[in-house]
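Structure first, commentary second.
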Amino acid sequence: MSDAEPNPEEMEQIIEGLTEAVRTWRIQENILAAAYTLYVYYYVTTVDEEVERFWKQKLRLGKLLFTTLRYATLVLIVMYLIRDFRSYLTISPQSCKLLLIIGEDTFKGITLILSDVAFGLCLCALLGAKHVYFLIIMLVCASLPIVTFIFHVTGNAELPALPLDPLSEELGYPCYLNSNEDFLNTTAGKGRIARSYVNFARTALLMLLAIATMVIRYRRHSGQLIHVIRRDGGIYYLTVAATRLVAAIVTTPTVIPVEDLTQTPAAPIVAALQEIIVPMLAQRLLLNIRAVDYMGSRPLASTLLFAPEKDNTEDMMDESETYDMSVQNTNPSSKGKMKEKEKVVA
1 MSDAEPNPEE
11 MEQIIEGLTE
21 AVRTWRIQEN
31 ILAAAYTLYV
41 YYYVTTVDEE
51 VERFWKQKLR
61 LGKLLFTTLR
71 YATLVLIVMY
81 LIRDFRSYLT
91 ISPQSCKLLL
101 IIGEDTFKGI
111 TLILSDVAFG
121 LCLCALLGAK
131 HVYFLIIMLV
141 CASLPIVTFI
151 FHVTGNAELP
161 ALPLDPLSEE
171 LGYPCYLNSN
181 EDFLNTTAGK
191 GRIARSYVNF
201 ARTALLMLLA
211 IATMVIRYRR
221 HSGQLIHVIR
231 RDGGIYYLTV
241 AATRLVAAIV
251 TTPTVIPVED
261 LTQTPAAPIV
271 AALQEIIVPM
281 LAQRLLLNIR
291 AVDYMGSRPL
301 ASTLLFAPEK
311 DNTEDMMDES
321 ETYDMSVQNT
331 NPSSKGKMKE
341 KEKVVA
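Okay, structure coming up:
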């Protein structure tokens, strides 16, 4: 027996390590598969809503955001299933790298950036933010995700395409995975810790902004707080902000090192929250923002999102319980006053 061969005790430790690793991979895959199934179910059950509320619209920013978010997330799921799940497909290393950069990185970046853009636009619309505050809010929402996307794509592009290792091939995985150590040694690792703290501060600020939006809308409109939350989609933007904050805390290096995070079920949970749940909530926000009563002139963000046309306004009046307009100026006395004013003018 050569010295290179492990003894029975070492072999047992190797087998236990491999067994634990495979078990962790299976748990992570099941979590992600459940999230993907949820999104497909959401998509199928809301096609009629998409057709009714957006297909009749002219191409404005709101329709473009909604459609891109909706279908980019579907494409991202397909890319993940092809590259990262067991399928026993034979894919060349170069094709795997293209799937990683053009497929996963690009569509993941699109969903994350557009989700934050939609979140910022909806908050601006609800707050009635003027030009300066509108630009500040959108800068806070969109700047860091764009920078992170550029670093991430550049880092994966710098790494070479690798052949599949024997264990992954035996288990049925079609593509290699870049190690965290190699990835952090690329451009993507430069300033990563600083970016993570900036991201935490940004998400905390957006959480406060979401709470402030709810409070301001509650003070401007009569009715109970829970009714205002339902009417304005508060449950959506508060959940988006809270989800982003939780993800920012978990991915901060001083909380959980990246090497430890990737070996736990927390990694796919965070990924599912950011890449599946948040885009879903962003879509609901865009749907809800069409039905909000602004109690006055439409704010800048709202006019950017949707065309203020009469036919669009009429379409919005046929709302479900989720999009309760809560029209308040319908009492007989107010109608009588309006008629008196019309007579005076005549």
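Numbering of the sequence shown is given in the UniProt record's numbering, commencing with residue 1 and proceeding in unit increments.
For every residue, glycine included, the Cβ atom is placed at its ideal position computed from N, Cα and C.
In this text the structure is predicted, and so the values were computed from the model without any measurement.
Once the 5 residues before and after residue i are set aside, which same chain residues still bring their CB inside 8 Å of it?
i           : result
residue 10  : none
residue 240 : 115, 119, 210, 278, 281, 282 and 285
residue 36  : 77, 80, 81 and 276
residue 403 : Nothing in the structure corresponds to residue 403, since the chain is present only between 1 and 346.
Tell me whether the beta-carbon of residue i lies closer than 8 Å to the beta-carbon of residue j.
i           : j           : result
residue 39  : residue 276 : yes
residue 272 : residue 98  : no
residue 122 : residue 237 : yes
residue 282 : residue 34  : no
residue 49  : residue 76  : no
residue 115 : residue 279 : yes
residue 53  : residue 172 : no
residue 93  : residue 162 : yes
residue 65  : residue 286 : yes
residue 258 : residue 205 : no
Which same chain residues, not among the five before or five after residue i, have their C-beta less than 6 Å away from its C-beta?
i           : result
residue 181 : none
residue 213 : 123, 126 and 127
residue 154 : 187
residue 348 : In this structure the chain extends from 1 to 346, so residue 348 is not present and cannot be described.
residue 183 : 155
residue 261 : 267
For a cutoff of 8 Å on Cβ pairs, would you count residue i as touching chain C?
i           : result
residue 173 : Protein chain content of the structure displayed is limited to a single chain, and chain C is not contained in it.
Which residue comes first and which comes last in the alpha helix (DSSP H) that contains residue i?
i           : result
residue 30  : 8 to 45
residue 94  : 93 to 98
residue 180 : 180 to 184
residue 158 : 131 to 158
residue 70  : 61 to 84
residue 168 : 166 to 171
residue 124 : 106 to 127
residue 237 : 234 to 250
residue 258 : 258 to 261
residue 289 : 278 to 289
residue 270 : 266 to 272
Contact defined as beta carbons within less than 8 Å: I believe residue i pairs with residue j. What is the distance between those atoms, to the nearest angstrom?
i           : j           : result
residue 102 : residue 68  : Not confirmed; about 16 Å, so no contact.
residue 264 : residue 195 : That pair is no contact at about 22 Å.
residue 166 : residue 83  : That belief does not hold up - the Cβ atoms of residue 166 and residue 83 are roughly 19 Å apart, past 8 Å.
residue 100 : residue 156 : 6 Å
residue 197 : residue 252 : 7 Å
Considering only C-alpha positions, which residue in the set the options is nearest to residue i?
i           : options               : result
residue 267 : 27, 14 and 19         : 27
residue 250 : 200, 239 and 195      : 200
residue 246 : 288, 202, 219 and 262 : 202
residue 243 : 219, 207, 45 and 15   : 207
residue 164 : 90, 254 and 156       : 90
residue 74  : 106, 134, 57 and 56   : 106
residue 45  : 24, 70 and 21         : 70
residue 72  : 108, 169, 30 and 58   : 108
residue 168 : 135, 12 and 18        : 18
residue 216 : 129, 58, 56 and 29    : 129
Grab me the residues of residue i's own chain with a C-beta within less than 7 Å of its C-beta, minus the 5 sequence neighbours each way, in chain order.
i           : result
residue 88  : 172
residue 151 : 187 and 188
residue 24  : 263
residue 269 : 31
residue 146 : 113
residue 321 : Interpretation of residue 321 is limited by its pLDDT of 40, a score under 50 that renders its predicted location unreliable; no figure is taken from the coordinates.
residue 219 : none
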